[in-house]
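Visitor: Residue numbers (the numbering used here): 600 to 737.
Where is the CB? At the ideal position from N, CA and C, for every residue including glycine.
These numbers come from a predicted model, not from an experiment.
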């Protein structure tokens with residue numbers, strides 16, 4: 600899987616060098632094969648703008664996952680939201696960021712989170728992926 604990581608946040612700097620090999624490992628554990636994945640880190644203002652244009656909801660969100668088909672996808676993550684949620688859940692910033700990356704990959708694998716049943720399935724799959732275990736197709 601070809602992986603591109605871009606940080607457009609001016610203040611928060613995730614450890615991109617450690618995320619690339621992690622995404623490569625996780626890509627092998629998914630029930631789908633991705634040819635190309637782009638991950639873009641944003642601030643809340645940029646995320647709110649993107650969320651508004653794509654989902655008609657002009658508020659910031661933690662993550663947006665776009666599947667372009669044929670194994671090509673893009674994940675957008677708000678680092679401001681990541682930082683807030685990490686503090687709220689008493690997680691490290693890096694752990695919260697990994698959770699969002701796993702979450703995005705699972706969306707690309709067909710996992711949803713709109714219903715309580717989907718959310719339970721998503722949480723189980725997140726735990727599997729975060730612990731380095733393969734994830735089954737939905």
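#1: Residue 615 to residue 714, Cα distance in whole Å?
#2: Helix, strand or coil, according to DSSP, for residue 626 in the structure here?
#3: If I follow the unbroken beta strand (DSSP E) through residue 666, where does it start and stop?
#4: Quick check on the DSSP output: what are the complete beta strand (DSSP E) runs of length 3 or more inside the segment 646-714, in order along the chain?
#5: State the DSSP-derived secondary structure class of residue 618, mapped to helix, strand or coil.
#6: Grab the span of the beta strand (DSSP E) containing residue 601 for me, first residue to last.
#7: Near residue 694, which residues of its chain fall below 8 Å by C-beta distance, leaving aside the five closest residues on each side in sequence?
#8: Among 642, 696, 668 and 625, which residue has its Cα nearest to the Cα of residue 705?
#9: Less than 8 Å between the beta carbons of residue 678 and residue 613, yes or no?
#10: Using the Cβ count rule (16 or more neighbours within 10 Å means buried), how would you classify residue 658?
#11: Specify, as a first and last residue, the run of the beta strand (DSSP E) that residue 637 falls within.
Guide: Concretely, from the data shown:
#1: CA-to-CA, the gap between residue 615 and residue 714 works out to about 32 Å.
#2: The answer is helix: DSSP assigns residue 626 an H, G or I state.
#3: Boundaries of the beta strand (DSSP E) around residue 666: 662-668.
#4: The DSSP assignment places complete beta strand (DSSP E) segments of no fewer than 3 residues inside the segment 646-714 at 662-668 and 671-677, in order along the chain.
#5: Helix, per DSSP.
#6: For residue 601, the uninterrupted beta strand (DSSP E) run begins and ends at 601-606, by DSSP.
#7: Taking C-beta separations shorter than 8 Å and ignoring five residues to either side along the sequence, the partners of residue 694 in its chain run 685, following chain order.
#8: It is 625.
#9: If you check the CB distance, residue 678 and residue 613 come in under 8 Å.
#10: By the neighbour-count rule (16 or more Cβ atoms within 10 Å), residue 658 is not buried but exposed.
#11: Segment 635-641, the beta strand (DSSP E) holding residue 637.
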